[in-house]
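In what follows, a structure is listed as structure tokens, so that the remarks can point back to it.
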Amino acid sequence: MTPSPFKGQTGLKRIFNAAGYSLDGLRAAFKGEAAFRQLVLLNVVLIPIAFWLPVSRAERAIMVAVCLLGLIVELFNSAVEAAIDRISLERHPLSKNAKDMGSAAQLVALTMVALVWGVILL
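Taking my numbering, the leading residue of the sequence shown gets 691, the next gets one more, and so forth.
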């Protein structure tokens, strides 16, 4: 397998490049994905509430972690959709399956947020 020409950096240069790519990805998701913006808003509300509620540190950590997991899953879902759209905008059963599975992953993640918060608070 031929190594990628984009993988040549090492050390601190690689870390700085990776951080820049990550910030570019966050910007692209925020700018181009309404679902990501909605989840960011949900996190802006829920995470401070988690620190305000009278719960244990472990419960608080889990509450914050599942919120952030929702953002992570949305980033992957958006990446899958972008890759599928880059390949072709033509309707294809495999493309539909890939996009639907990404959506299903987000549904599971959001269900987990609701369940974890519900179990801890109720």
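C-beta: ideal position from N, C-alpha, C; glycine also.
If you look at Ser768, you'll find it in the alpha helix (DSSP H) that goes 747-777.
Contact between Ile737 and Val763 does not hold, since the beta-carbon distance rounds to 16 Å and is not under 8 Å.
Under the 10 Å beta carbon count, Phe706 is surrounded by fewer than 16 other beta carbons and is classified as exposed. Ranked by Cα distance from Lys786, the options Val770, Ala799, Arg750 are led by Val770. Under the three-state reduction of DSSP output, Gln699 falls in the coil class, being neither helix nor strand. Gly710 is not a Cβ neighbour of Asn733, given a cutoff of 9 Å. Here the C-alpha atom of Gly722 lies approximately 12 Å from the C-alpha atom of Asp714. Under the three-state reduction of DSSP, Arg717 is assigned to helix. The three-state reading of DSSP puts Arg781 in coil, since its state is none of H, G, I, E or B.
For Leu732, the enclosing alpha helix (DSSP H) begins and ends at 724-742.
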